[in-house]
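Visitor: Sharing a structure here in structure tokens format.
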Amino acid sequence: MRTKAALAVLLSGSLLALAACGKAGEDPAVLDSASAAADAGDAVVDVGPVDGATSVAAPAASTLDTAALTERRDPERLLRYYVSAVRIGDWNAAAQAWSLDAEMTAQKLQGEFGGAKPRLAVGKGDMEGAAGSLYYEAPIVVDFGDGRTSKRGTIVLRRVNDVPGASGSQLNWRIERTSTLTQ
């Protein structure tokens, strides 16, 4: 886990170093995204856009870690799944990462991200317990490849604590809310 975070930070730092040397090319979107990822600190997930990510190709869809949808210990695993689904434009898969109470749909996600070539960077979060639930809150940066202003905020995951009577789906991590989406 720490290795992946270190690699993401190292990659971001390398891009910034190349930019300083004038060897990173002239694409300011790449530099801005790298800067945002570096600002996110210990990146849990830093996945860039896929050109033409409007529909899912079979090989790309098969790379999603669908077991993350039943994850009970590691909320970062669900975040990696969600960011990967957004990256490849699999809006149905991305919507599955959300809690039912959030009423997030594939159509809402496509409206927010479709054609925008989003790049999401999620930082290391904090876990807290409250009233029979566990919450995981992490910083998130969303850069858009279509020229829209980047968004910075938080993403909150929730699951029911291990209490008697909790259903299997209640014990799985799900996204409860994020401040970066217009809902």
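Going left to right, the sequence shown walks through residues -19 to -1, 1 to 164 as mature numbering (1 follows the signal peptide of the UniProt record, and there is no 0) numbers them.
Ideal Cβ positions, reconstructed from N, Cα and C, are used throughout, including at glycine.
1) When you compare the CB positions of Thr159 and Val141, do they come within less than 8 Å of one another, or not?
2) Is Glu157 near Ser80, with beta carbons less than 8 Å apart?
3) Using the three-state DSSP reduction, which class does Ala39 fall into: helix, strand or coil?
4) When you compare the segment 120 to 127 with the segment 143 to 153, are there three or more beta-carbon pairs, one atom per stretch, that lie closer than 8 Å?
5) Taking only the alpha-carbon atoms, compute the straight-line gap between Ile69 and Lys98 and give it to the nearest angstrom.
6) With a floor of 4 residues, list each alpha helix (DSSP H) that falls wholly inside the segment 39 to 69, ordered by position along the chain.
7) Which of the three DSSP states is assigned to Leu162 in this structure?
8) In its own chain, which residues sit with a C-beta less than 8 Å from the C-beta of Gly113, not counting the 5 before and 5 after it?
9) What is the rounded straight-line gap between the Cα of Trp72 and the Cα of Glu57?
10) Between Thr51 and Leu45, what straight-line distance do the alpha-carbon atoms span, to the nearest angstrom?
11) For the beta strand (DSSP E) that contains Ala102, what are its first and last residues?
12) What's the call for Met85, buried or exposed, on a 16-neighbour Cβ count within 10 Å?
13) Which one or two residues does DSSP pair with Ala111 in a beta bridge?
Guide: Walking through what the data contain:
1) Mapped onto the sequence shown, residue 159 falls at position 178. Mapped onto the sequence shown, residue 141 falls at position 160. Taking the C-beta atoms as reference points, Val141 is found no nearer than 8 Å to Thr159.
2) Here residue 157 refers to the residue found at position 176 when the sequence shown is read from its first residue. Here residue 80 refers to the residue found at position 99 when the sequence shown is read from its first residue. Contact: yes.
3) Numbered from its first residue, the sequence shown carries residue 39 at position 58. Note on Ala39: pLDDT 38, under 50, position unreliable in the model; no value is reported.
4) Not touching, per the Cβ criterion.
5) In the sequence shown, the residue the question calls residue 69 occupies position 88. In the sequence shown, the residue the question calls residue 98 occupies position 117. Roughly 9 Å separates the two Cα atoms.
6) Those alpha helix (DSSP H) runs which fall completely within the segment 39 to 69 and span 4+ residues are 39 to 43 and 56 to 69.
7) Counting from 1 along the sequence shown, the entry for residue 162 is found at position 181. Note: Leu162 maps to coil in three-state DSSP.
8) Counting from one through the sequence shown, the residue named residue 113 turns up at place 132. The residues are Val141, Asn142 and Val144.
9) The residue given as residue 72 occupies position 91 in the sequence shown. The residue given as residue 57 occupies position 76 in the sequence shown. Cα to Cα, Trp72 sits roughly 19 Å from Glu57.
10) In the sequence shown, the residue the question calls residue 51 occupies position 70. In the sequence shown, the residue the question calls residue 45 occupies position 64. If I take the Cα positions, the gap works out to 13 Å.
11) Residue 102 sits at position 121 when you count from the first residue of the sequence shown. It spans Pro99 to Gly104 - the beta strand (DSSP E) in which Ala102 sits, taken as one unbroken run.
12) By 1-based counting over the sequence shown, the position of residue 85 is 104. Buried.
13) Stepping through the sequence shown from its first residue, residue 111 is reached at position 130. Ser114.
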